[in-house]
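Trainee:
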Amino acid sequence: MSFAALFVLIFIVAITSVYFITFAEIESQTDLELLHEMDELEIHHHVEDNKELIVRVNDRERYGEHLGHFYALLDENKKYISGNESLAELMSSIVQHSESIQYVEKPAGNKNDDVILRIAYKKLAKNMFLIVAQENSSLYELREHTLSAILYSVLITLFLGLIIGTHMGRLVLLRINRINEGMDHSVDTNFKQLIAVPETDDEFQALTLKLNSMLLRIESLLSGMRQVTDNIAHDLRSPLSRMRSRLEVTLLQTRSEEEYKNVMAQAVSDCDELLNTFNSLLNIAQVEAGVRGNDWQAVDLVELVNHLVELYQAVAEEKGQKFNWTASDPIKVEGNKDLLTQAMSNLIENAIKYTPNNGKIEVEVETLNEHPIIRVADSGPGIAEEDRQRVLERFQRLDSARSSPGNGLGLSLVRAVATLHDAELILSDNKPGLIVELIFK
Amino acid sequence: MHILIIEDDIDAASYMVKGLTESGHLVEHAADGKAGLGHAMTGDFDIMVIDRMLPERDGLSIVAALRAAEITTPVLILSALGEVDDRVEGLKAGGDDYLTKPYAFSELLARVEALGRRRKPEQSSNKLELADLKMDLMRHKVTRGGKTINLQPREFRLLEYLLRHTGQVVSRTMLLEQVWDYNFDPQTNVIDVHISRLRNKIDKGFDTHLVHTIRGAGYSLRETN
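So the protein lines, in turn, are chains A and B.
Counting from 70, one number per residue, gives the positions in the first sequence under the working numbering.
Counting from 311, one number per residue, gives the positions in the second sequence under the working numbering.
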């Protein structure tokens, strides 16, 4: 509504200014013509003898009548000398002793009231008044017609503006409502349903697509959270219930000190396992939330891996694994050294753990297309393509890995650290084995 | 050793007091920052265990106040925060070691005893020995029973640390921190592998074994079991 009103207002202002500018221009044209006529006649005015002027005025009056031009000459007592008599009569009461040209507008009078005259007059040197008039009725008619045209067009515009504005407003509201309903529906179905995307290629379509991608993200976060909660419940419950039943059974009857000691030592070790899992979970959550990793610095990946290899190479050698690593010149990335170390140690530990005895492990740090890359490749069983995303989730372990120690949180931490560093984590096939790559930006 | 514990969690404090007392130490406990600082300023302690978050006055400011008063008693800071940054902060404030909750009591005990040892005058700094095992730091040489033992640089540092803490229990985490300079918990038995390699080099073929595994706690270098 207010838009329609504003639109009409602007329209009125525009039309009115066009109107005033045009008519001011036409009027000044008329006045210029009158002034010109006046000047031409005034040349014939001589102080001693005005015969020439009187004749000229009569001549002009005779020729000018059908053009709508009228002329008259009055003496100093405003009495008629020559030219148009009715004009002289009309003007005798009006003319004043003025040296400069004066302009007036008058109806012609004598039953010719619908004829409007634009009149110029001037007092000549010998106290005579020269009057030149031009019929101006056509201009008046034009003005009146224009005015009514403006009025009608304003009314029509207002009317149409209201109708179209209201209609368009309702159309917009309708489409917003449709999106609203879609959102409600999506929320009702736990974000399983998305909003129907409008077919028109416009802002509404773009908005709907954006909202849908948000809903998808919420859905994936929700299901991720549900899955994590389920997994946590499951993975933490097992050691707890194991410990509980062991303690419970021990309490059933009096046992030897040795037996009590053993059971308690086992309970302590179960607790350690649980605490370890909690710590890892907390660690991942903190990295993902960006709480950790405040001290950002330039980290030399080569030195970082070199140091870790020194720690882990012995473990690989104990398993008869071949551990290949060649330190190169420094390759630096901006990052948190402790988190990168933790992530790298997880990858190396995984490689050692899952590669069979006498297998092969290869660690490389290089720069490819200006991207620093860390690559850990092993000759273990690898991870099937369909499982490669899944194993990055918390507590997700392959069935084949369930028997080996570990809590299924190692790769989750690696992924969290990679995300924090804006690095890509890629798992691929080493044929046989697994290749894990961290590609930094 | 005479130990002061400043810890507001009464349960945690009481089991710490019990555990340390049973390990043969004389333990005093203060439950808030103000009382703790008062104790610390007057008493003569060999070591102090100070929780970071305390009512009345926080742990780091106690350490800072002690250091300002030129009391150099070793301090082990306990923290529930456990960020590496926090650790650095704690050590900067004048703490000598930093332990994150939850911790195993054996870990606490090992660290407390290691810190207490620090006060005693170090063995002549470039020669360390235990029984017939001799380490010459200047010449980077290790012999046992007169026989030269070749050690990798990291094995050398590992043995040096164990020798400096002869008779004490050192945890795996302590070794990882002190010998490899790492502050994370490996999920595998990486320290065990290094100890076993060292053991092979210094104990194999000798009647008396010097490297002992302490179940649930860590390792210890000593002559007798």
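The beta carbon of each residue, even a glycine, is placed where N, CA and C say it ideally should be.
Mind pulling the beta strand (DSSP E) runs of 3 or more residues that sit fully within the segment 296-383 of chain A?
Mentor: 366-369
Trainee: Count the other CB atoms, across all protein chains shown, that sit within 10 Å of the CB of W394(A); report buried if there are 16 or more and exposed otherwise.
Mentor: buried
Trainee: In three-state DSSP terms, what is V422(B)?
Mentor: helix
Trainee: Comparing the C-beta of G464(B) with each C-beta of chain A, is any distance below 8 Å?
Mentor: Note on identity: in this sequence residue 464(B) is Arg, with Gly being the wrong assignment. Closer than 8 Å: yes.
Trainee: I need the straight-line Cα distance from G455(B) to L508(B), nearest angstrom please.
Mentor: Taking the straight line from one Cα to the other gives about 16 Å.
Trainee: Using beta carbons (cut-off 8 Å, strictly below), is Y423(A) in contact with chain B?
Mentor: no
Trainee: According to the Cβ coordinates, are L142(A) and S155(A) closer than 8 Å?
Mentor: no
Trainee: If you follow the alpha helix (DSSP H) that N510(B) is part of, which residue opens it and which one closes it?
Mentor: V500 to I512
Trainee: Any idea if I112(A) is buried or exposed, counting beta-carbon neighbours within 10 angstroms, 16 or more meaning buried?
Mentor: exposed
Trainee: I'd like the list of long-range same chain contacts for T436(A), defined as Cβ closer than 8 Å, with 5 residues on each side in sequence excluded.
Mentor: I400 and I442
Trainee: Near M160(A), which residues of its chain fall below 6 Å by C-beta distance, leaving aside the five closest residues on each side in sequence?
Mentor: If the five residues before and after M160(A) are omitted, its C-beta is found closer than 6 Å to the C-beta atoms of I200, all from its own chain and listed in chain order.
Trainee: If you check the beta carbons only, do V460(A) and V371(A) fall under 8 Å apart?
Mentor: no
Trainee: Give the C-beta separation of A485(A) and E357(A) to the nearest angstrom, bearing in mind that I take them to be a contact with Cβ-Cβ under 8 Å.
Mentor: 5 Å
Trainee: Can you tell me whether H135(A) is buried or exposed, with buried defined as 16 or more other CB within 10 angstroms of its CB?
Mentor: Here H135(A) is exposed. Its C-beta has fewer than 16 other C-beta atoms within 10 Å.
Trainee: The alpha helix (DSSP H) with F509(A) in it runs from where to where?
Mentor: For F509(A), there is no enclosing alpha helix (DSSP H), as DSSP gives it neither H nor E.
Trainee: Taking buried to mean at least 16 other C-beta atoms within 10 Å of its own C-beta, is V241(A) buried or exposed?
Mentor: exposed
Trainee: Start and end of the alpha helix (DSSP H) containing E213(A)?
Mentor: S206 to D257
Trainee: Let me see if you follow: with CB-CB separation under 8 Å, is A504(B) close to chain A or not?
Mentor: Checking the sequence, you will find His at residue 504(B) rather than Ala. Yes, H504(B) counts as interfacial toward chain A.
Trainee: Which bits of chain A does G526(B) rub up against, with CB to CB less than 7 Å?
Mentor: A334 and V337
Trainee: Helix, strand or coil for T448(B) per DSSP?
Mentor: Going by the sequence as given, residue 448(B) is Met instead of Thr. Three-state DSSP puts M448(B) in coil, outside helix and strand.
Trainee: Since D361(B) contacts H312(B) with CB under 8 Å, what's their CB separation in whole angstroms?
Mentor: That pair is no contact at about 19 Å.
Trainee: Under 8 Å, do L110(A) and R125(A) count as touching if we go by C-beta distance?
Mentor: Cβ atoms of L110(A) and R125(A): closer than 8 Å.
Trainee: On the three-pair Cβ rule with 8 Å, is the segment 451-466 of chain A touching the segment 295-302 of chain A?
Mentor: Pairwise C-beta distances place the segment 451-466 of chain A in contact with the segment 295-302 of chain A, as three or more of them are shorter than 8 Å.
Trainee: Taking 8 Å as the cut-off, decide whether the C-beta atoms of D339(A) and R306(A) are in contact.
Mentor: no
Trainee: Determine the chain B residues that contact V384(A) at a beta-carbon separation under 7 Å, and present them in chain order.
Mentor: T498, V500 and V503
Trainee: If contact is defined by three or more beta carbon pairs under 8 Å, each pair taking one atom from either stretch, is the segment 97-110 of chain A in contact with the segment 77-84 of chain A?
Mentor: They do not touch, by the three-pair rule.
Trainee: Just the C-alpha distance for P406(B) and E399(B), rounded to the nearest angstrom, thanks.
Mentor: Per the sequence presented here, residue 406(B) reads as Asp, with Pro not at that position. Looking at the two C-alpha atoms, the distance is approximately 11 Å.
Trainee: Since P176(A) is in the beta strand (DSSP E), which residue starts that stretch and which ends it?
Mentor: Q171 to P176
Trainee: Quick check on DSSP: helix, strand or coil for E403(A)?
Mentor: strand
Trainee: In whole angstroms, what separates the C-alpha of T424(A) from that of K500(A)?
Mentor: 13 Å
Trainee: Could you give the distance in angstroms between the alpha-carbon of S97(A) and the alpha-carbon of F198(A)?
Mentor: 22 Å
Trainee: Does the distance from the C-beta atom of L280(A) to that of I264(A) stay below 8 Å?
Mentor: Contact: yes.
Trainee: Would the beta-carbon of I315(B) fall within 8 Å of that of H335(B)?
Mentor: Between I315(B) and H335(B), the C-beta spacing is not below 8 Å.
Trainee: Nearest chain B C-beta to Y329(A) closer than 8 Å, yes or no?
Mentor: no
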